[in-house]
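Written out below as structure tokens is the structure these notes cover.
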Amino acid sequence: MNWREALNALHTRGEAGVLVTVAAARGHTPREAGAKMLVTADQTWDSVGGGNLEATAVDRARALLATGATTPDLLTLRLTDRAANDHGRQCCGGEVTLLLEPMQAARAHVAVFGVGHVGLELARILSRLPLHLHLVDSRAAQLTPERLSVLSDAAATLHVHHSPIPEMTLHDLPAGTHLIVMTHDHAEDAALIDAALRRPEMGFVGLIGSAAKWTRFQAQLRDLGHPPAALARVTTPIGLPDLIRGPQRKHPAVIALAVAAQLLPLIQAAPALQTLPAPERTP
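Per the UniProt record's numbering, the very first residue in the sequence shown carries number 1; after that it's consecutive.
What follows is the structure, given as structure tokens:
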């Protein structure tokens, strides 16, 4: 895999990397201007010259990744026996300036369980953002290409899951995924919330519905062994209250807008997802 293919793969996975380019090469140098390599926390692709030059570039790139840097950095190295080095002598006699560009950081994962009227409106809003958007429904008719054609200009990476048992799909989602539960069936909602609370490494857990619905759910969840601290992880009703007012407050687009606004700060904090452990399947 070359650096271009690796960069595309990182973008798909939402993984951070640093693109290192030889911006200028003067005198005798191992690579010409324009040579590139890609660096992640544990891998590299292609080369900008090897030796102390490349090892120093990798160290600097990984320091940028560790600090979450978003702005480019320049690094100039002299390739002479008098130049300071940490990784062995490199005496080509020239000088190289490297441009280090932090690339796409981790993108948030959001899963919408239930792609009904509100769910589809929420998907339309969220799909305009650079994130992973999972659409899950037990009804195949809600996930047809024709119905989802309104998402054709999505900036998000879409993952469509037709799942007769939606809570099983939850086990395939990465740690840190933000969950929005708004299916057509209260029994499905309850099963999803039960499964979500058994995944403490997940992100936001939001449930659509009334206070009366949540009162019933809490009784069921307590009977299933969930302590008060676990129940406190659930946000319900969902959506910023100040946006759900007036005569249009029950319109699907208004509810979707309020939920998206509530999620936005969490989506923007997506780089933290990189440090979370990978999910494990439960028996």
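Just so it is clear, CB atoms sit at the ideal spot from N, CA and C, and this is done for glycine as well.
1) Does DSSP classify residue 204 as helix, strand or coil?
2) Whole alpha helix (DSSP H) runs in the UniProt domain "XdhC Rossmann" (110 to 263) with 4 or more residues, listed along the chain?
3) Taking its Cβ as the centre, do 16 or more other Cβ atoms sit within 10 Å of residue 32, making it buried, or is it exposed?
4) Considering only C-alpha positions, which residue in the set 48, 94, 4, 230 is nearest to residue 103?
5) In terms of DSSP beta bridges, what is residue 95 paired with?
6) Are the beta-carbon atoms of residue 97 and residue 76 separated by less than 8 Å?
7) Using only alpha-carbon positions, find the residue among 257, 25, 58, 234 that is nearest to residue 242.
8) Name the one or two DSSP bridge partners that residue 73 has.
9) Give a yes or no on contact between the region 216 to 229 and the region 246 to 255, applying the rule of three or more CB pairs nearer than 8 Å.
10) Can the beta-carbon of residue 15 be found closer than 8 Å to that of residue 40?
11) Provide the residue(s) that pair with residue 21 in DSSP beta bridges, ordered along the chain.
12) Given a cut-off of 8 Å on the beta-carbon distance, is the pair residue 53 and residue 18 in contact?
13) Could you compute how far the alpha carbon of residue 88 sits from the alpha carbon of residue 130?
14) On the DSSP letters alone, give me the boundaries of the alpha helix (DSSP H) that residue 42 sits inside.
15) Specify the secondary structure class of residue 8 as computed by DSSP and reduced to three states.
16) Going by beta carbon distance, what residues of the same chain come within less than 8 Å of residue 156, once the five residues before and after it are set aside?
17) Would you say the beta carbon of residue 20 comes nearer than 7 Å to a heavy atom of the ligand MG?
18) Going along the chain, which residues of its own chain have a beta-carbon closer than 6 Å to the beta-carbon of residue 35, five neighbours each way excluded?
19) Take residue 170 and list the residues in its own chain whose beta-carbon comes closer than 6 Å to its own, dropping the five residues that flank it on each side.
20) Do the region 146 to 153 and the region 205 to 217 make contact, defined as three or more Cβ pairs closer than 8 Å?
21) Measure the CB-CB distance between residue 207 and residue 189 and report whether it falls below 8 Å.
22) Which same chain residues, not among the five before or five after residue 124, have their C-beta less than 8 Å away from its C-beta?
23) Output the distance between the C-alpha atoms of residue 201 and residue 238, rounded to the nearest integer angstrom.
24) What is the DSSP secondary structure of residue 284, counted as helix, strand or coil?
25) Exposed or buried, residue 265, counting other C-beta atoms within 10 Å across all chains shown (16 or more means buried)?
26) Measuring CB to CB, does residue 160 end up less than 8 Å from residue 263?
Judging by the given coordinates:
1) coil
2) 117 to 126, 166 to 170, 186 to 197, 211 to 223, 228 to 231
3) exposed
4) 4
5) 26, 78
6) yes
7) 257
8) 100
9) no
10) yes
11) 36, 99
12) no
13) Summary for residue 88: the model assigns pLDDT 48, below 50, so the residue's position carries little reliability, and this model does not support an answer.
14) Careful: residue 42 lies outside any alpha helix (DSSP H) and carries neither H nor E.
15) helix
16) 126, 127, 128, 129, 130, 131, 132, 133
17) Among the ligands in the structure shown, none appear at all, so the ligand MG cannot be discussed.
18) 22, 48
19) 195
20) no
21) yes
22) 150, 151, 256
23) 20 Å
24) For residue 284 there is no data in the structure shown, the boundaries of the chain being 1 and 283.
25) exposed
26) no
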